[in-house]
Amino acid sequence: MALMITSFIQKDSFIQELNPISKIFLILLVITSIIILDNLYITYFFLINVFFLAYLAKIEKEFVKGITIVMLPIAVWFLIIHGIVNPAGKTILFKIWFIPFRKEGLLFALNFGSKLVTIISYFYFFIITTYPGDIVGSFSKIGLPYKAGFLINSSLQMLPLMQRRAEKILEAQEARGLKVKGKLKDRFKAYTPLIIPLILGALMEAYERVLAIEIRGFSAKVKKTHYREVNFEKKDLIFCFTYLFLTLILIIGGGNF
Amino acid sequence: MNQTIIEFNNFKWHYSNNRKFRLDIQELKIRKGSFVGIIGPTGAGKTTFCYSIMGVVPHLQNGKMEGSVRIEEIETKNSSLNVLSQKVGLVVQNPLSQMSGAGLNVEEEIAFGLENHGYSRQEMIKKVKKIIELIGLKEYARRSPFELSGGQQQKVAIASILVLEPEILVLDEPTGYLDPLSTDMIFTLVKELKKQGKTIIFVSHKFEYLNELCDEIILINKGKIIKKGAPTEIFSDISLLSKNNLGAMDVTNLFARLKKAGKWKKRFAVSVEESEKELRSEFPWMR
Chain A
559 MALMITSFIQ KDSFIQELNP ISKIFLILLV ITSIIILDNL YITYFFLINV FFLAYLAKIE
619 KEFVKGITIV MLPIAVWFLI IHGIVNPAGK TILFKIWFIP FRKEGLLFAL NFGSKLVTII
679 SYFYFFIITT YPGDIVGSFS KIGLPYKAGF LINSSLQMLP LMQRRAEKIL EAQEARGLKV
739 KGKLKDRFKA YTPLIIPLIL GALMEAYERV LAIEIRGFSA KVKKTHYREV NFEKKDLIFC
799 FTYLFLTLIL IIGGGNF
Chain B
11 MNQTIIEFNN FKWHYSNNRK FRLDIQELKI RKGSFVGIIG PTGAGKTTFC YSIMGVVPHL
71 QNGKMEGSVR IEEIETKNSS LNVLSQKVGL VVQNPLSQMS GAGLNVEEEI AFGLENHGYS
131 RQEMIKKVKK IIELIGLKEY ARRSPFELSG GQQQKVAIAS ILVLEPEILV LDEPTGYLDP
191 LSTDMIFTLV KELKKQGKTI IFVSHKFEYL NELCDEIILI NKGKIIKKGA PTEIFSDISL
251 LSKNNLGAMD VTNLFARLKK AGKWKKRFAV SVEESEKELR SEFPWMR
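What follows is the structure in structure tokens.
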């Protein structure tokens, strides 16, 4: 496997080989049906489906780990905040110390939180199963702006680079005697000096990136071509139609669940 | 070969966020196919000089420009970077700054410029393969440029510019991050490019190499051209180099010491070969 600075996980499966547009089409279907139907069962259907797709893509472990790290704190936070302070909350379900948690607030958090987790899971699935270099090509093929594809592609690569930069700054600060371990307060203190060099570094890098792309003709007014071949194949068609069909069934039968 | 390819006329540039610095070049003509070395201390204006040729100044920098820089018939001020990028290629000191981020591996990174200029996929594959072999990047072709060492990254940066086949190649301290072996490889490569008729502007502190390869040396300090001349003329002038915060080569310093000791009256040699020849002729016992 080629070494890459990106969130993309290279595995030998048809999911990784799908055209990025097929996966974006699925995300749009999921968002639309979750919002239109406002049905918790349908939301959970799609949530289970994304885990199934991650299994098919042979990335289930990485997917579960990533989703847990990102979504668990948000989900817990959602439940606590809405359970306590949601104005719709009336029925006290239980108390922790003297703080009451109300049923209506918790149900709202469960409903809204599940939708949020599902939608974000699909985006995360897209990021780790899509080769960023294919995004620009697939966008251009369906007439979407080249710059939009480039923006998504470079952003996907920038995130791991930012993470790496943060690690380097932290190591440098640590080498100069900064305590980065210990109590939560100490750790919070340790991360504060990281912010300014990280942001300034990122801004400078953005300027350098502009220079790097412009001196290689980024703004040239010609039809852009692509080194990587990205086609919309039969498997993409089957994938899109399967999910379109499933979504239509869910929408038609939505009220009966 | 006497045709002028780069021409500065009453050129003045100052950055809006740095009032103290100003690049001021009254007149400068660089011949097509020549190899010009640019030397000067830190902050002298070497990078701004390179940016002026590429058109980064004034197109990507904030500041005020007077006069003109012409690349053959194109006036940089009235042109655009994408037009200039077909004539001029710029390689900067930090190879990481040169990565577009568009390509996930070396091949794709090199192909980025070709994609921008609309080359067909077949042409791209051919050109990328050729340049990868020329630069010696074959074993890294499928790896991410961000995972490579500084030297390898610099090779990728040079390859990504060379693949566009610009007539003028501007290299701003490209060997700054490289080990001696990779430095040697870069200079051998540009030597080859010179033979192909490319015009090369090379900023470097590696005087030994510049002395060997350059047709002309331009010494820049405080935003002005202090002196322009043949490599031997510039590098043998220890007082000129010292006045401009530059150190002479070891071999030249040796002759300065001999002069101080009253044992040398001739011009200072600037290369090992020349020194050997001069010393053997001056001191018969060395033969």
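Going down the list, the protein sequences come from chains A and B.
Its first residue numbered 559, the first sequence is counted upward by one per residue in the working numbering.
Its first residue numbered 11, the second sequence is counted upward by one per residue in the working numbering.
Each residue gets a CB set at the ideal place from its N, CA and C atoms; glycine is no exception.
In this text the structure is predicted, and so the values were computed from the model without any measurement.
Proximity of Ile727 (chain A) to chain B, defined by a Cβ-Cβ separation below 8 Å, is not satisfied. In the three-state scheme derived from DSSP, where H, G and I count as helix and E and B as strand, Asn711 (chain A) is classed as helix.
Note on Thr601 (chain A): 16 or more other CB atoms within 10 angstroms of its CB, so buried under the neighbour-count rule. Rounded to whole angstroms, the Cβ separation of Gly65 (chain B) and Leu94 (chain B) is 4 Å, and the two are in contact under 8 Å.
DSSP, reduced to helix, strand and coil, places Trp635 (chain A) within a helical segment of the structure shown. The alpha carbon of Ile593 (chain A) has as its nearest neighbour, out of A:Cys798, A:Thr676, A:Ala770, A:Ile773, the alpha carbon of A:Thr676.
Scanning chain B for C-beta atoms nearer than 8 Å to the C-beta of Ile757 (chain A) yields nothing, as the closest lies near 18 Å away.
Assignment of Arg660 (chain A) by DSSP, reduced to helix, strand and coil, places it in the strand class. From the listed residues B:Thr242, B:Glu177, B:Val180, B:Ser159, the smallest Cα separation to Ser192 (chain B) is found for B:Ser159. Sequence-distant partners of Ile657 (chain A) (beyond 5 residues in either direction) whose C-beta falls short of 7 Å from its own C-beta, in its chain, are Ile642.
Taking each of B:Ser110, B:Leu223, B:Glu37, B:Ser281 in turn and checking the Cα distance to Ile168 (chain B), the smallest one comes out for B:Ser110. Nearest to Phe697 (chain A) by alpha-carbon distance, out of A:Gln568, A:Ile582, A:Ile573, A:Ser565, is A:Ile582.
Short of 8 Å from the beta carbon of Gly759 (chain A), and not among the five residues preceding or following it, lie these beta carbons of its own chain, in chain order: Arg723, Ile727. Contact between Arg774 (chain A) and Leu174 (chain B) holds, since their C-beta atoms are separated by about 7 Å, short of 8 Å. Counting only Cβ-Cβ distances below 8 Å, Arg786 (chain A) has contacts in chain B at Glu118, in chain order. In terms of Cβ geometry, Phe293 (chain B) and Phe278 (chain B) do not form a close pair [threshold 8 Å]. Among the bridge pairs identified by DSSP, Tyr25 (chain B) is matched with B:Gly73. Comparing alpha-carbon positions, the option among B:Gln164, B:Glu202, B:Val200 lying closest to Tyr187 (chain B) turns out to be B:Gln164.
Among the residues of chain B, those whose CB is under 7 Å from the CB of Lys782 (chain A) are Glu125, Asn126, Gly128, following chain order.
One thing to note: Gly128 (chain B) has its Cβ within 8 Å of the Cβ of Lys781 (chain A).
Among the bridge pairs identified by DSSP, Asp692 (chain A) is matched with none. Going by beta carbons, Ala612 (chain A) and Phe683 (chain A) fall inside the 8 Å limit.
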